[in-house]
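Trainee: Residue numbers (our numbering): 5 to 235.
Beta carbons are placed, not taken as given, at the ideal position from N, Cα and C, and that holds for glycine.
Nothing here was measured: the structure is a model prediction, and the numbers come from that model.
Just passing along the structure, written as structure tokens.
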Amino acid sequence: MSSATSARPHTRLSNATISVPVLLGLFMLMLSGCDTEAQSQIEQVNQLTVSSIRLTPESGYPVKQRFLGTVKAPQESTLGFELAGKLSALHVTQGDTVAIGQKIASLNTELLETELNQLMAKRDQIAAQLQLIKRNLSRQLSLKKKGFSADAQIDDLKSQRNTLSASLDEVDAGILATRLRIDKSTVYAPYNGVISTRHVSQGDVIGAGTPTFTLLSTLGREAHIAYLPKW
């Protein structure tokens, strides 16, 4: 009785001791399977498909920029007279196209033409006197060779000749100046262009340098451009 009773507890203890490692093994096996499955899922998620291209060197690349500017005539002139006077004629008006050398405006030249006529008449008078003095001097020189003329008379004629020659040169200079003033009483187009602005009206009394017209050249265009940073 006593040996049978002691054998039973020993058998139960042995069974309990064997079942614990088995349970731990099963538990670790289950954990290992879970880790392997999770790792496999992570690897599947992290696998990405990419495409590649071959790089080729280039000498440059386009860049868009913004520029703001204006297109202007290469020449712009404010035309005026070098002399003062009364504006007698306007040969063009605003918007007209003109050619180089074409008349633009004119001043009244009646007084200058009268002055020119006076100078021309005075020149004729001096020229006639000079011609007479030269003939008399030539005659006296001929008489002197024959001994019938005094040196004093010849010297006086030479003096008159020189004086009249100087007076004639002075009158010629005055005629040239008057003709130049008459020519400057008309404004001519300095180049081919378009009349953009008219500043005066016919009959105005203007001073030297007073603007009459603004002329824009038609020969080509100029672009004035400023750089603007990219917006």
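Should the stretch 191 to 202 be called in touch with the stretch 219 to 229, which here means at least 3 C-beta pairs below 8 Å?
Mentor: Contact between the stretch 191 to 202 and the stretch 219 to 229 is present, because at least three Cβ pairs lie under 8 Å.
Trainee: Name the DSSP beta bridge partners of Pro215, please?
Mentor: DSSP output for Pro215 lists Gly84 as bridge partner(s).
Trainee: Helix, strand or coil: which one does DSSP assign to Gln223?
Mentor: Before going on, a small fix: residue 223 reads as Leu here, not Gln. Coil, per DSSP.
Trainee: With a cut-off of 8 Å, do at least 3 Cβ pairs link the stretch 58 to 68 to the stretch 181 to 197?
Mentor: These segments do not touch.
Trainee: Determine the closest residue to Ser205 out of Ser81, Arg139 and Val96, with distance taken between C-alpha atoms.
Mentor: Considering only alpha carbons, the answer is Val96.
Trainee: If you run the structure through DSSP and keep just helix, strand and coil, what is Ile229?
Mentor: Strand.
Trainee: Which parts of the stretch 155 to 193 are runs of the beta strand (DSSP E), unbroken and 3 residues or longer, counting only runs that do not cross its ends?
Mentor: Here the runs fully enclosed are 190 to 192.
Trainee: If you measure between the beta carbons of Ser110 and Ala88, is that distance less than 7 Å?
Mentor: In this structure, Ala88 does not lie closer than 7 Å to Ser110 by Cβ.
Trainee: At what residues does the beta strand (DSSP E) containing Thr118 begin and finish?
Mentor: Here Thr118 belongs to no beta strand (DSSP E); instead the alpha helix (DSSP H) covers Glu114 to Lys150.
Trainee: Since Ala227 and Val75 are thought to touch, with beta carbons under 8 Å apart, how far apart are those beta carbons, to the nearest angstrom?
Mentor: At roughly 5 Å, the Cβ-Cβ gap stays under 8 Å, so Ala227 and Val75 are in contact.
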